[in-house]
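Residue numbers (my numbering), protein chains in the order written: chain X, 61 to 543; chain P, 61 to 543; chain D, 61 to 543; chain R, 61 to 543.
Positions of the beta carbon are idealized from the N, C-alpha and C atoms, including for glycine.
This structure is a prediction, so every number in the text was calculated from the model and none was measured.
Written below as structure tokens is the structure these notes are about.
There are 4 protein chains.
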Amino acid sequence: MPAINGKQYIDRIDALSANIWYNGRKVTGKLSEHPAFKGVMHETARLFDLQTAPETKDILTGPSEYTGNPVGRAYIPPRTKEDLELRREAVRIWATESCGMLGRSPDYMNTALMALGTASDILKGEDEQSAENLLNYYKYAMENDLTLTHTFIMPQVNRSQFYSETDGPIIGARMIDQTDEGIIVHGARLLATQGATTDELLVFPSGARLPYIKASESMAYAFAIPNNTPGLTFVCRESFVGGESRFDHPLSSRFEEMDTIVLFDHVLVPWERVFLHGNIDVNNRIYHDSHFYPLTSHQVINKNIAKVEFLLGLIQAMIDEINIGEYQHIHEKVSEVIIALETLKGLVYSSEKNAALNAFGVMVPDWKPLQVAGIYFAKTYPRLIEIIKTIGASGLVSIPTESDFRSPIGDDLRHYLQSAKGNGEEKVRLFRLAWDISMSAFATREELYERYFFGDPVRLVSLLYHTYDRSDIIERVRNFLSP
Amino acid sequence: MPAINGKQYIDRIDALSANIWYNGRKVTGKLSEHPAFKGVMHETARLFDLQTAPETKDILTGPSEYTGNPVGRAYIPPRTKEDLELRREAVRIWATESCGMLGRSPDYMNTALMALGTASDILKGEDEQSAENLLNYYKYAMENDLTLTHTFIMPQVNRSQFYSETDGPIIGARMIDQTDEGIIVHGARLLATQGATTDELLVFPSGARLPYIKASESMAYAFAIPNNTPGLTFVCRESFVGGESRFDHPLSSRFEEMDTIVLFDHVLVPWERVFLHGNIDVNNRIYHDSHFYPLTSHQVINKNIAKVEFLLGLIQAMIDEINIGEYQHIHEKVSEVIIALETLKGLVYSSEKNAALNAFGVMVPDWKPLQVAGIYFAKTYPRLIEIIKTIGASGLVSIPTESDFRSPIGDDLRHYLQSAKGNGEEKVRLFRLAWDISMSAFATREELYERYFFGDPVRLVSLLYHTYDRSDIIERVRNFLSP
Amino acid sequence: MPAINGKQYIDRIDALSANIWYNGRKVTGKLSEHPAFKGVMHETARLFDLQTAPETKDILTGPSEYTGNPVGRAYIPPRTKEDLELRREAVRIWATESCGMLGRSPDYMNTALMALGTASDILKGEDEQSAENLLNYYKYAMENDLTLTHTFIMPQVNRSQFYSETDGPIIGARMIDQTDEGIIVHGARLLATQGATTDELLVFPSGARLPYIKASESMAYAFAIPNNTPGLTFVCRESFVGGESRFDHPLSSRFEEMDTIVLFDHVLVPWERVFLHGNIDVNNRIYHDSHFYPLTSHQVINKNIAKVEFLLGLIQAMIDEINIGEYQHIHEKVSEVIIALETLKGLVYSSEKNAALNAFGVMVPDWKPLQVAGIYFAKTYPRLIEIIKTIGASGLVSIPTESDFRSPIGDDLRHYLQSAKGNGEEKVRLFRLAWDISMSAFATREELYERYFFGDPVRLVSLLYHTYDRSDIIERVRNFLSP
Amino acid sequence: MPAINGKQYIDRIDALSANIWYNGRKVTGKLSEHPAFKGVMHETARLFDLQTAPETKDILTGPSEYTGNPVGRAYIPPRTKEDLELRREAVRIWATESCGMLGRSPDYMNTALMALGTASDILKGEDEQSAENLLNYYKYAMENDLTLTHTFIMPQVNRSQFYSETDGPIIGARMIDQTDEGIIVHGARLLATQGATTDELLVFPSGARLPYIKASESMAYAFAIPNNTPGLTFVCRESFVGGESRFDHPLSSRFEEMDTIVLFDHVLVPWERVFLHGNIDVNNRIYHDSHFYPLTSHQVINKNIAKVEFLLGLIQAMIDEINIGEYQHIHEKVSEVIIALETLKGLVYSSEKNAALNAFGVMVPDWKPLQVAGIYFAKTYPRLIEIIKTIGASGLVSIPTESDFRSPIGDDLRHYLQSAKGNGEEKVRLFRLAWDISMSAFATREELYERYFFGDPVRLVSLLYHTYDRSDIIERVRNFLSP
């Protein structure tokens, strides 16, 4: 089955019946009809539909290198700089369609799997079979257009640098046994976003380096399993869908991506789905050597560009609505948004301009500008949201609901809440969007997501400090000083 | 009836049956049992109960200057610096009890009415009767321990400096007629906070200066009416009560203060309740000459101090919970909170130290430090909230609900979400509080409230520029330079 | 005479004998031996020498389109994107050689004249002769490799928006008469940087739009004259050369560019040097229509990139010197510098990627990212300098002089001021460079220069607000909202 | 000899003939006539003259508790809150007179010695004699109105947390021997401000805690010696006196306080001047137990208040000069200065309001608000200076000298540089002051001084984190959460 359409996606997820807990109950029935999931599933389906739409299909899909079938663009390895530009365009189409609000549109994880899959040779550091398993899985996912979630972080038990979990009871998931059939995994991992609404779960190392000691081997694993694998449980947080009205909750009714805690209760992962099982060295270098970070960052930053564009459009619409475009402090605020937008675009161009082929024949964008873009966006997104709040001001709490406008007091509200541009209903419609992007529980979760997407900012900055090559310019200064 | 207790408050509000619209429907039945209002009414009742509790009644109440009856402290004019300290203590007791989360605990409006009521002579600029009306109303409210709301701002139609509303149809409320019985008011005014859950509505000038032209007279009015006055409608925004569970929504289940749009449909205000009806000069100087700003700011800043204390305690509890007290960037963040707390305290002390009696025999705190405190707090509160978000990080989205903990997966969650200090339920309880103060729709409305409480920051800053006396220090510089 | 070398430059300036006042005296004798000018002239000469050096001449010069002679790269109009890249490389060579410290290396004004000269047809709006004059002057300057200064701003008399100078006595320079020989200019203009150390003075409109009234015509002029034109006076500010020792003042002894006030005392500008004389319309559109801003910004931002590289190298050298690379707050600070560097590079790439030919056949870089880069750099440079101060800390005041190290206490200082990497003399040499870039009078003037180079930040931001096309993304938001 | 006047101060310093090195030469002749020192000595003398002036002597001096003679106010221990207010007034008089520009007006070190002297009993932890020595020295200094300098920090060799100096050759000064006559000190200490222009040098522990190991004993010392003690050398940095003209350099010609490196070459400190010699425990608690920090901070913050007042006056004078008071961004900037001023005042009042007697009968201001004030001021002062730079803009480089105004072009400059308020000479006089406070080498050293006065901001913040009592408010949060 090549690149799928929306209906195929929905049917497949509805058929999975994974073990999902929401607000103290196991979820039953079709996910696509559940209030917490229907919106995002519908919107994801719309993205898949674009894969077969005449105007967009040639960008959103391309021929598989293996079968020639049309597969999702994100699954296809870029071999040239032109391929990178095509990827950029594909990401922007989906992200523009979803206002940049879907952090986990399928192209994100597809890109991740492409990065790892093309670099499967790294796993030969463990054994030939692991490498073959990963390559096979990558092909399988690509040809079947799977949607994936993943879990990247360990529970936040104790963040002291002197704390080590390995002595106590199992909390973070570990590999506790290996049998003829596969490995046995037990424990918890955090924040599988869209854990409930995808086909499969990809589990890769947590990103932290493991020490080269025996005790670490149980933490060095990687695999992929269907979401309905026995023993696997997804625990949802409270849903941030504000309600079904698109007038009242224009974003959360569509784009709320549930975050889930993943519990592994003696889960058996069959050998053909095991990519890593105990090799600390491979564990510690898989992301770096596969160029996972630059390849996925290229998707993420392009998604973020669409998001900033949406914010800029919204902000200007608000300014026009209440006619405040003459004020200098408004210019200042809008200029901050423009600066963010142009900066992100420039960094993406920079990454493409200085892209280079890696050992696996993949054209990898330059990491440095993308690393910078990641740190920059995490700092800047909250400020952009703050700008919306300062421009909206009291207009963000004078927000009656759609029901009010349909009630006997509707005409009064249309009159009394009118703006420089339209009637009260139109104004409130716009300001409810502003509220849903800046002040709803959906909005604040989006902000947290962007703030921490690339990881702890403190560590990101230290990573940049340690990896950014500047030996030549230090030399330049020393030469200047030499007597 | 002297200072009331909680039950008296609830009974009185329940009996009012004001015309309140919520989500497209007129509210019927007891307000104290309505999901959107019950929490805040219950908490307000608890504050009133403290007025008669043995440990607190001597601070929270004192003898009326008119009847000797015990009345609320906020209603009593301070005559000495010691009185100011007593007021400070009273405010802190209520604010501490409500975690600083009630912007409109009754002492706020009571202080406002005290400031205006003691200065009723200003209204003689209009006529003797208006002045007498206000004084009478002040006494009546004090002796009956009324709770009040007010509406301060005009609809946000068009914020251009060149826009004037007076030519078009009525939007902002105006005085459209005067009859034997009183004045007729028609139009809308914004954001009566707790509009539904108080006894009466106080309407005073909007704060903007009116031009001395005929057309302005219809905007120059002040009065007070019961919330159930015919023709008066309160339109609620969406409620931000997240639910009834105190585990899940520890703040919004208790402290959500509804904001309402107030519609006047040919409302008759009887003459004895009219304090101002057309005198532009009085309109423009009533706040300044009554020392309304320093007197109310003293209440507000003391409330805010209790709020910052609560944030500081919460932040430290979070740090201890996940054991991150060893990191320098954590010290930096906590120090920001401490600096805010000490700064606000210092500014309050400064205002009391340099307090002075006004023409009406009221001991008025020095406005300068309180003005500064207002500008400072509006800038700083969002940063304090941001600190909570950066410390909580992923812990703020790994938040299952009380129902989850009561379900079959409860034990797993208690285990897997454990922290350095306690089990998963205790940790989640704490982090849900952090979420409810920083990320819920309740939280963001609190942030907006604090950001704009004192008005548009741009105008506040210009006001400070124009009112802060610095002639002597300019002179000092000129002397230093004189050749 | 094609592209010159350093000696030719120095001889030509020394021969000019312009009317320059410094500290109450008219400057006499060779400028290249005067303490206030010798350093910068020597460094400029070194740049010119690179024009004939084998390794750099093919980048720094190219064939004139008119004569085929080798002329300075900045004078040559870019016709292709490759030409833009060549210009970028040329700017970087000179800027790297001068640590980015020469805001007015000759390529800046040469680029300015290239932008205006290739667009000379705009002046036909005035008359054919003016257009021809400008084109001729551009060719003449290019073929003779002239160095130029210019004066852009009017005296800072009264910055109120309601102030107009045209009624009072002449302060800002005006065209007061026209004769057979030329126009007569009288009054002052500000801040001709390197006014004393260049061949000629280019005077173009001040950038502010003139109203279309008769009185404005005297302000609508443009011309070029040799620096030794009768009636022309350059008044220097205090020199910020700290002294001749390169150990003590490594930057100010080399790169101090004097700023001068220019006084015109009935200066006759001959007609063949007059480019504009009274046409308000041309005055108001000359910069925009000639693409002056993007073309010069491309030079400036590339110069700034070399400057930031120098800062980054210096900062890392300081960190290594006192061994503080292990601290997280140091990583944070260095990452800020890296972010600035990558951001500027990305914006330049962006401008080149989206470059387009203008009506005059010149390949113009996209202005948007360069506009952003200008605003960004003006905000960021002061922060980069602050980072040096916070890293240097007390090390920036423990700075004995070269004389101290040559004195009897030299050995003690070498011992007691030693660092983790070297002896006290080496450490102080490095920290004096840090001081000279962040704390000397030279340093603060550099900071002010960068902060205001592109103009008043408040106006730049408003310009960006008004010129940045975002109609499509506002439309996108409105479509999203349409019911 | 009781409180001295200016002449007595100058004569005493001139007579000392300490071993001072400046720019590679030993200083000879009268210090009060040396270009690097004359300005600050003259200004200090003016402060001393106020001690005997009729209007100020009763505040600036008071009766010695030992002799009844009038001694400097800073030397007198505060016993009541009224005494604290008197100290505040005294500090403000001197600081106002010196525009807040003298970080080391004599009252700073006098306060330091008062704090330590009144707490001399702490030294009994070492021996009775040390305690008696300190008390005697305190009395001697007070009764003779000595001026003191001190050295607080160790050389900045290697700032890694893993670096220890004790194994290598001596760099930071150590006690290398004890004889019958006293202790022998050898090595360097940094940054004795006004090291050359005071009577004596006070050496106390560096502030860092010493480990309780034998090797630390040589670092645990305290003493006081005359500046002309044999073996003692002061090495000056480059002088930041810009010149003698008060027009050109209004601040540096008066207030430049030289920083010196202090070299001890086997210096003998006689026993009667030794206060600590090897006791690590006393070393580690002397500052805390003597309440050194709150007592000296009270002086420093009050000095800083006068400094901020001077900045505010200057800023407003600049605004008036070029008539920019109508702009909102100017209001914003001025409001920042006002906020700083009111904040510092509030924190001082707070410290006085909550002052308490210590074990030695000294009324100690509350440290918490003063700690906060110190951290706050170090962060804020650079911003205040930046505000001056952004308001001054190009006006800060269009600054001809006094000589220019006295030259043939003087009239032209008076005309062309005129402002909204006065002629060019008056405007330049004002803007040169702004330049000297924000952009001269004097200015940047002032900024660095204020930024680091209280120590490394990173450590100050950690200290605040660890010392600020907040147990009760954490408890409050926990109570709120208890189910």
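{"Asked": "DSSP three-state assignment for P/Y281, whether helix, strand or coil", "Found": "strand"}
{"Asked": "Chain X contact residues for P/N362, given Cβ-Cβ distances below 7 Å", "Found": "Under the 7 Å cutoff, chain X gives no residues; its nearest Cβ is about 24 Å from P/N362."}
{"Asked": "Any non-hydrogen atom of the ligand COA closer than 7 Å to D/I73 Cβ", "Found": "The ligand COA is absent from the structure shown, which contains no ligands of any kind."}
{"Asked": "Sheet register partners of P/S243 (DSSP bridge)", "Found": "Position check: residue 243 of chain P holds Ile in this sequence, whereas Ser was assumed. Answer by DSSP bridge pairing, in chain order: P/Q238, P/V329."}
{"Asked": "Where D/Q388 meets chain P, residues with beta-carbon distance less than 9 Å", "Found": "Y387, Q388, H389"}
{"Asked": "Residue-chain proximity (X/G84, chain P), Cβ-Cβ < 8 Å", "Found": "yes"}
{"Asked": "Test: X/S479 CB closer than 8 Å to a CB of chain P", "Found": "yes"}
{"Asked": "Proximal residues to P/N196 (C-beta, below 8 Å), its chain only, five neighbours per side dropped", "Found": "E332"}
{"Asked": "Which listed residue (X/L144, X/V334, X/I447) has its alpha carbon closest to that of X/D237", "Found": "X/V334"}
{"Asked": "Residues of the region 401-414 of chain D with Cβ closer than 7 Å to any Cβ of chain X, in chain order", "Found": "E402, T403, K405, G406, L407, Y409, S410, K413"}
{"Asked": "Minimum Cβ-Cβ distance from P/Q216 to chain X less than 8 Å", "Found": "yes"}
{"Asked": "Best match in P/P442, P/D464, P/P543 for proximity to P/R505 [C-alpha to C-alpha]", "Found": "P/P442"}
{"Asked": "Same chain, Cβ closer than 7 Å to X/G247, neighbours up to 5 away in sequence not counted", "Found": "I230, I231, G232, A233, R234, F324"}
{"Asked": "Cutoff 8 Å: R/E149 Cβ touching any chain D Cβ", "Found": "no"}
{"Asked": "CB contact check: R/G373 to chain P, cutoff 8 Å", "Found": "yes"}
{"Asked": "Beta-carbon contacts of D/P215 that lie in its chain and below 7 Å, excluding the five residues immediately before and after", "Found": "I231, G232, A248, L250"}
{"Asked": "Proximity test, Cβ basis, 8 Å: X/Y200 and chain D", "Found": "no"}
{"Asked": "Beta-carbon gap between R/A256 and R/I80 smaller than 8 Å", "Found": "yes"}
{"Asked": "Run of the beta strand (DSSP E) containing X/G406, from where it starts to where it stops", "Found": "No beta strand (DSSP E) holds X/G406; the alpha helix (DSSP H) holding it covers 388-413."}
{"Asked": "Among R/K67, R/I136, R/P95, R/D71, the one whose alpha carbon lies nearest that of R/L107", "Found": "R/K67"}
{"Asked": "Own chain residues within Cβ distance below 6 Å of X/F420, not counting five before or after", "Found": "T178, A179"}
{"Asked": "Which listed residue (R/R511, R/T121, R/R219) has its alpha carbon closest to that of R/P130", "Found": "R/T121"}
{"Asked": "Beta-carbon spacing of D/S458, R/R297 below 8 Å", "Found": "yes"}
{"Asked": "Distance CB(R/W183)-CB(R/V342) smaller than 8 Å", "Found": "The residue asked about is misnamed: residue 183 of chain R is Leu in this sequence, not Trp. Yes."}
{"Asked": "With 16 other Cβ atoms within 10 Å as the buried cut-off, status of R/R466", "Found": "exposed"}
{"Asked": "P/Q376 and R/I435 closer than 8 Å at C-beta", "Found": "no"}
{"Asked": "Whole-Å CB distance - X/I497 paired with X/L311, under 8 Å assumed", "Found": "6 Å"}
{"Asked": "Contacting residues, own chain, Cβ-Cβ under 7 Å from R/S266 (five flanking each side not counted)", "Found": "F212, I213, M214"}
{"Asked": "Whole alpha helix (DSSP H) elements within the region 140-205 of chain P, 4-residue minimum", "Found": "141-157, 166-178, 188-204"}
{"Asked": "Residue from P/H326, P/I273, P/L208 whose Cα sits closest to the Cα of P/G242", "Found": "P/H326"}
{"Asked": "Meets three-Cβ-pair contact criterion under 8 Å: the region 138-156 of chain D and the region 357-373 of chain D", "Found": "yes"}
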